[in-house]
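Chains as they are written, first to last, in the working numbering: chain A, 1 to 381; chain B, 1001 to 1591; chain C, 2001 to 2308.
Glycine included, C-beta positions come from ideal geometry on N, C-alpha and C.
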Amino acid sequence: MSAPTTTTSPPPESPPSAKPHPTPQPALRTRLHTLPRHPLTVALVAALCAAVVGMVLVVAAGAELGSAWQALEEGMFGSSYAVGSSLNSAAVLALIAAGFTVAHRAGLVNVGGEGQLCAGGTAAAAVGLVLPAQVPTAVGVPLVVLAGFLAGAAWASIAAWLKVKRGTSEVITTLLLNFIGIGMVSLAVHEEALLRQPVTSSETLPQSAPLPTGAQLPLIGDVESPATAVVVIAAVAVLATGIVLRHTALGLRLRAVGHSPAASARLGLPVGRLEGGGLAFAGGLAGIAGAALVATAPYVLAEHFSSGYGFAGLVVGLLARGSLTAVAAVSLLFGFLTSGGINLQLAAQVPASTVQIVQSLLVLFIAAAMLFTTRRPGSRS
Amino acid sequence: MTAALEITGLVKSYGSMRALDGVDLVVEAGTVHCVLGENGAGKSTLCHAVAGSLTSDEGSLLLYGESYAPRRPADALAAGVAMVHQHFSLVSTLTVGENLRLLRLPDLAGRIARVREAYGLVLELDAVAGKLPVGVRQRVEIVKALLRDPRLLVLDEPTGVLGPAETDALLETCRRIAAAGHAVVLVTHKLGEAVRAGDHATVLRGGRVAGGGPMAELSAERLVPLMIGRSVGALDATVAGAVGLEPGAVEPVGPVTVGPGAAGSVPAAVEPRGSAPAALDSAGSAPAAGESAGPVPVTADSAGGGADDGDGQRVGGAALGLSEVTVRRADGTYALDRAALEVGFGEIVGIAGVEGNGQSELMAVIAGSLAPDDGRVVLHGRDLTRAKPAARTGAGLGVVPEDRHHEGCVPELSVAENLHLGRLGEFKRFGVFLDRPALGRATEKVLGEHDVRAPGAFAPMASLSGGNQQKVVIARELALDPLVCLAASQPTRGLDIGAVEAVHARIRAAAARGAGVLVVSAELDELLALCDRVLVAYRGRLLGPVDPRAEGARERIGALMVGADGAGVPAGVGQSPPTRGPSPSKAIGAH
Amino acid sequence: MSAVAEELASGGVRMALPLLLASSGELLSERAGVLNLSVEGMMLTGAFAGAVGAHQSGSAAVGVLTAIVAGLLFAALQALLSITLRADQIVTGITANALALGATTYGARLAFGDGAGAKSLPGLDPLAIPLLSDLPILGPALFEQTLLGYLAFAVAIALALGFSRRRTAGLAIDAVGEDALAADRSGLPVAFIRYGTVLLTGITAALAGAHLALSEVHAFSDNITGGIGYLAVVAVIAGRWRAWPTLLACLVFGLAQSLQFAAPAIGLHISAPLLTTLPYVFALLAVSGLVGRSRAPSGLTVPFVRAS
């Protein structure tokens, strides 16, 4: 950029003795002066706009607004079943988005959540299925989760290796690895030599056999609720990454590498290791999410088991812009909206696609308004 | 007649900072109008406003009497205004010819031929732009601007990357363009160029017009105070160098001379080197070959007994030694061609040269971001050729990189974080967490010691002025314990005068403490005033050395810079003849 | 045996046609620096709008026109977001696809009711070119297309020739994608060029979608594109951002798809998931430089800002 470096050149008016000059924090200034530009305000306005569109769609589909709202609310909070499944979805999203945030801190954009999730799920199924039927939960679950983490991390490491050693853009490689991961799951559940359950008739579904009880994620909360330990795992993961990124030397090093690989290398930081490690960790968390999906009812690996969670988690991560608080909040919002949407179709005969439309409009509105909002420190465009 | 360009009350603000604060300027057709000023005076902003790269907040422009308000570069080009950018505007993956085709001009070949004939600017159209040396790219830029036959040509600091001969040719081209009836705005911070090529001059300071007029009525001694806001007499010789003031030009006014007098003006905080340089002069006053005996490290005593074994183990005993360092580019040419140099303890060695002659690669090899194809880098007897940057830092090598924002610091991180990023392990709480309070305390101490003006230890680096940023970078590198050698590239580029003085003082202090110092600079005058010895980078070789205090040193260096001096011997030959001391590998083995 | 080869060839070309159309536009966008992940959504929108247009008017030609208009509108949204508002291209791309999927699924309920009406749309019929279509193997594959099919070839080849790097227009696109700032300073209209390529992608992708709905099956079903749009993006990557290799990649991908149907006929057991995954593996190898040299445009996904 040849435009004058606005922040670094001394202010023209002030004599030498008056440096430090008074313009250091434009972000702070903007925040004070223009509340309308605060990210939260923008998010609320975006949500309002999206909600209006949603209402129009509900009416256009011939449903009553009141009953549709009731169905949506019912689907989100109406029962402990609703809350439990919402939390499960939110947890999967949060794991992927938290990982995304770590890699993003190191300057890498992990588009590959979907593929890493597939790798994690496949590994979890493979490990779970070789475990003896009566394996205790205390052994089975950690093994399955670990398998998911390692496989996801390994899957991401392909992109990390290409990035660090060959300079190939991780955006493109992780994107491609998504489709390869999806294909790998498909292959695994179609071949009996791999993970397909024994084919007894032409009716046999292309999916794996169910995991043994000891490898299934334990339920938490009351019996009605399908919420599993993945909620706890995700909460711990989000909290731990938040603390590491904010309060440790490692977090600071990741941030330095993310902002300036060249200066970081000059100062002796292991740039490749930090970048690669960040991306691999992101893959690991997505892998755990995949393992959790497999180790949750119906406890099988099936084609399309990822159901787009990887892409949704990426969107959550990008919207959260480096804040793990925002990761948790947006994950919960999306998780609850998704299960509310399913009930919308069941109870109010409004197409579930309405929720998909509203959700994507919300994201697009926020993405569109980002130019006008204040930037968070630590995020890189 | 109407003026070619008339600017009235131009204002451009960035946040609360006014880069241009009510600038008035009139450029007559058929003249070269020089815009002078220090870095940050608003020169570039003015250029971009005229060329449509940015839109001004207030003020009006008249182009040959017509209202002119370019909103994008295309508008300016359509109006007949072309700009030669300081940072190039060539697409580096395209060939020169393709870059010119992007202009979508009719009869391109004819135009290229006409420019070649009129100005003697020859281009190699099939070369890929990104692979050309900077000087050649600059020439392409100028041709690109001239192809449109512009009514007004704006050149933003065009000579920064050119050698003396190329600079002369460029200034001559400017004169010819003006002679053809067009107007030229030549932006520079080098007075000498303005005096040679300009018809008029306008001096900017702090975004305002500080003065100006016909060049015939102005002289260097009148322009300098306008540029810097104080009189020449108060200037350190090195500082005069930074504004491109040749000592001869100011001699009548102030005591700007090179030598002990200049050294005496170093702030008191620095241990004065007294008459040591003079003693050095007499010791090494024999011409180049005699210099090869090498200066006795001036402050060998203060560096401690271990610094110099005293028995002439040159490479092993020197603070920093490079032998036969070779770096091949992808296209097979040599970025560095058996470059050799050696920096003694307490010695300041300078590398002069036109940019793009291997200086950047040399620093990269020293700093560890580039592995040489051949040759060795030895720091006080330790072979660091393949060592990682962290190992080099640990061994006592401080590096001040050429590009402060790219490599020197992380502008988005705080001052404290930038200062201590390499050794965060020392700031731990409960074994896991980062001890920010301790980090802050350590930082405050450094800020005080180095006189860094910062809003606070945790203010973002980007909020500091360029000079204070550089002070932080230097403070970080000087804090190494032990500091064996400091390698600084373009340490004062873009800094204002006060900061230049402070940086020079720090560099002298480091040498006075006994460290070897290597300075790479594009400012010849800076090197002449600062260094004990100057080598010249030319096409990947290091020529010289030249004693900066010897008679005619400037001319000799200037000649070496363009490879014109047939007598120039590669420094490696002059410095490490096989007869002297053990070979580097033996020296390592002995340790 | 030749029947199988004929089957394989015509199947491959059939699969490749929508890819050809979509990726010939996408290639231009990416060369100009805009990663349109939303090709999938553009295709889906085109397929849906084409089906609705044909359904309402009873004319396939009207369907094609409505598809183009819808594709342009959708592309304009993508362009506005990623060029003017400088929104993240990956987020907007993926989300726009989700929006298209949701909106077309919802719209199909309204337009066709629950399933019934979308069947048997007025579609385009194949026109065999005399003599040429009688050629062995390639004849039926290439010369028994619908008008849209022939158009697909024509568009792909016209774009490849018209915006080749030897022409100034192609050079300008490359310059904008490689170094927008330098292009701007050379007087090129950066935003105009980027908008133009994205809108062009909208047209070609919508035509590809309309081809699916009107030439192939004469029906619209939810998510009828099923990821072909992403495959078009991958073809561009595998083609290393060059026109002819990209077109070749489309044909190879089409053949790979076709093989899974043709393989059983010659007693060859190749896992279908393996075949569908191969294009992505190939693209990964291509982009990582393990197969030839390859480099994405430097400015891909980077928004252009003239001054800070």
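Cβ-based burial, residue i [other Cβ within 10 Å; buried from 16]
i       : result
B:T1002 : exposed
A:Q134  : exposed
B:P1437 : exposed
A:T168  : buried
C:I2266 : exposed
A:G66   : exposed
B:R1329 : exposed
B:Q1138 : buried
A:A356  : In the sequence under discussion, the amino acid at residue 356 of chain A is Gln, which differs from the Ala named in the question. A:Q356 comes out buried.
B:H1087 : exposed
A:T204  : exposed
B:R1541 : buried
A:V130  : exposed
B:F1430 : exposed
B:G1065 : exposed
Residues sharing a beta bridge with residue i, DSSP
i       : result
B:E1006 : B:V1026, B:L1062
B:H1200 : B:H1033, B:P1214
B:V1400 : B:A1488
C:Q2260 : Per DSSP, none; premise fails for C:Q2260.
B:A1516 : At residue 1516 of chain B the sequence reads Gly, which differs from the Ala that was named. For B:G1516, which the question treats as bridged, DSSP gives the partners B:C1485.
B:I1348 : B:V1517
C:L2144 : Going by the sequence as given, residue 2144 of chain C is Glu instead of Leu. Beta-bridge pairing links C:E2144 to C:A2128.
B:R1205 : B:R1208
A:S208  : A:R196
B:D1021 : B:V1011
B:K1428 : B:L1434
Residue range of the unbroken alpha helix (DSSP H) whose run includes residue i
i       : result
B:T1188 : Unbroken run through B:T1188 is the beta strand (DSSP E), 1183-1188; no alpha helix (DSSP H).
B:A1328 : Per the sequence shown, the amino acid found at residue 1328 of chain B is Arg instead of Ala. Where B:R1328 is concerned, there is no enclosing alpha helix (DSSP H), although the beta strand (DSSP E) it sits in stretches over 1320-1328.
B:G1353 : Premise fails: B:G1353 is in no alpha helix (DSSP H) and is neither H nor E.
C:A2160 : 2147-2162
B:M1083 : B:M1083 -> not in any alpha helix (DSSP H); beta strand (DSSP E) instead, spanning 1081-1084.
C:V2305 : From DSSP, C:V2305 is part of no alpha helix (DSSP H); its letter is neither H nor E.
A:V144  : 137-166
For residue j and residue i, believed in contact at Cβ under 8 Å, the rounded distance
i       : j       : result
A:A282  : A:F100  : 6 Å
C:E2030 : C:W2241 : 6 Å
C:A2235 : C:S2164 : Contact doesn't hold; Cβ gap of about 18 Å is too wide.
B:C1531 : B:V1349 : 6 Å
B:T1443 : B:V1415 : 6 Å
B:V1115 : B:L1108 : With a Cβ gap of about 11 Å, B:V1115 and B:L1108 do not count as contacting.
B:G1544 : B:L1560 : 6 Å
Extent of the continuous beta strand (DSSP E) run through residue i
i       : result
B:Y1334 : 1334-1343
B:D1156 : 1152-1156
B:P1545 : 1541-1546
B:A1537 : 1533-1538
Contact under 8 Å by Cβ, residue i with residue j
i       : j       : result
C:S2298 : C:D2179 : yes
C:I2237 : C:A2283 : yes
A:L95   : A:A320  : no
A:G120  : A:A295  : no
B:L1162 : B:V1187 : no
C:P2122 : C:A2060 : yes
A:V189  : A:A302  : yes
B:V1400 : B:G1408 : yes
C:G2071 : C:A2206 : yes
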